[in-house]
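Residue numbers are given in our numbering: position 215 of the sequence shown equals residue 208, and the series is strictly consecutive.
Here the structure is laid out as structure tokens; the discussion comes afterwards.
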Amino acid sequence: MKVKRFIVSSLLHILLAFITFVWIIPIIWLVVTAFSGYKGIDISHFFPETWSVNNFATILFKPDSVVQYVTWFKNTLIIAIFTCIISTVFIFMVGYAFCCLRFPGRKQLMVFSVVLNMFPGVLSMIAVYFVLKSLGLTNSHIGMIIVYSAGSGLGFLIVKGFMDTIPISLRESARLEGANELEIMLNIILPICKPIIVYQVIASFLVPWGDFVLAKLMLNSGLSKDWTIAIGLYNMLDKSLINKYFSIFCAGGLLVSIPISILFIIMQKFYVEGVSGGAIKG
């Protein structure tokens, strides 16, 4: 039995190692290509024959009609920050309402919200586009913030799951001391919910930071100064540009991952606590 378990375990680890190797190959290729001295796409060599940091210098300090990375980065960062703040507030408030308040239709509304959240967002993209177009908010960063954050309250389930683990006696004691609902939410529930709030901040930040489909649909004026990073980098893959900008595209893809990686490393402890705590059924 020990030999059998050893063989099964070894085969499983070999399989996982192979899957990991296959998964990491494109990432390694992107990194080494970003440091290539050749600006186009070179499929004849996995590792570049010459190494250089000129691609990073070009994308950061030498903007042209195709590459305006700093402007795209600023646009994406503004949209992501405001979306992150608004979405986190919405989700926290909705989660608190469903967890801590009792009102007619609460369970029915909760079930409806969960079911509605199961439908893919792409199904509503065209309708959302025409609504924003009628309001004059297409090709607008404000419109993008509204699109990303307006329906964020439907993602309350993990936050509610975390709040369900907080003893009811804390809220009841506060009420006996004369605290109102707002004071209970801000002074008692909010400090305890720090891990799940950190999780929600990272999750809400990631949505606009890496989104392409919705951004491409909404920001369609053709003015590159309004683009996000995803649109700008995708534009470099045009068949007329790829042989001149592919290595620069790889450098931009590498740079765009740095801020969110740093944010995740700094907040990893709270992120894990938030996910595990929110998964507990109250």
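Every residue gets a Cβ at the ideal spot worked out from N, C-alpha and C, and that includes glycine.
Cβ neighbour criterion (16 or more within 10 Å) applied to residue i
i: residue 148; result: buried
i: residue 96; result: exposed
i: residue 10; result: exposed
i: residue 63; result: exposed
i: residue 44; result: exposed
i: residue 1; result: exposed
i: residue 218; result: exposed
i: residue 197; result: buried
i: residue 204; result: buried
i: residue 206; result: exposed
i: residue 98; result: exposed
i: residue 85; result: buried
i: residue 276; result: For residue 276 there is no data in the structure shown, the boundaries of the chain being -6 and 275.
i: residue 249; result: buried
i: residue 145; result: buried
i: residue 255; result: exposed
i: residue 12; result: exposed
i: residue 208; result: buried
i: residue 102; result: exposed
i: residue 17; result: exposed
i: residue 139; result: buried
i: residue 30; result: exposed
i: residue 125; result: buried
i: residue 274; result: Confidence in residue 274 is poor, its pLDDT being 44 and thus under 50, which makes the residue's placement too unreliable to answer from.
i: residue 171; result: exposed
i: residue 272; result: Bear in mind that a pLDDT of 47 at residue 272, under 50, signals an unreliable position, so the number given afterwards is only what the model happens to contain. Burial call: exposed.
i: residue 5; result: exposed
i: residue 83; result: buried
i: residue 261; result: exposed
i: residue 54; result: exposed
i: residue 155; result: buried
i: residue 104; result: exposed
For residue i, the residue or residues it bridges with in DSSP
i: residue 29; result: 44
7 Å Cβ cutoff met for residue i and residue j
i: residue 237; j: residue -5; result: no
i: residue 141; j: residue 200; result: yes
i: residue 34; j: residue 242; result: no
i: residue 244; j: residue 48; result: yes
i: residue 210; j: residue 122; result: yes
i: residue 153; j: residue 93; result: no
i: residue 118; j: residue 72; result: no
i: residue 132; j: residue 58; result: no
i: residue 225; j: residue 22; result: no
Integer-rounded CB distance, given that residue j should sit under 8 Å from residue i
i: residue 212; j: residue 220; result: 6 Å
i: residue 24; j: residue 247; result: 6 Å
i: residue 69; j: residue 60; result: Not really, about 15 Å apart at Cβ, beyond 8 Å.
i: residue 181; j: residue 164; result: 7 Å
i: residue 46; j: residue 28; result: 7 Å
i: residue 151; j: residue 185; result: Actually they do not touch by this definition, with Cβ atoms about 15 Å apart.
Below-7 Å beta-carbon distance, residue i vs any chain C residue
i: residue 90; result: In the displayed structure, chain C is absent; only one protein chain is listed.
beta-carbon residue i near the ligand NAP non-hydrogen atom, thresh 6 Å
i: residue 35; result: Ligands are entirely absent from the displayed structure, and the ligand NAP is therefore not among its contents.
Meets three-Cβ-pair contact criterion under 8 Å: the segment 144 to 162 and the segment 36 to 47: The segment 144 to 162 is not in contact with the segment 36 to 47.
Contact between the segment 170 to 186 and the segment 106 to 114 (3+ Cβ pairs under 8 Å): Touching, no.
Inter-stretch contact (C-beta, 8 Å, three-pair minimum) for the segment 183 to 198 and the segment 68 to 82: Touching, yes.
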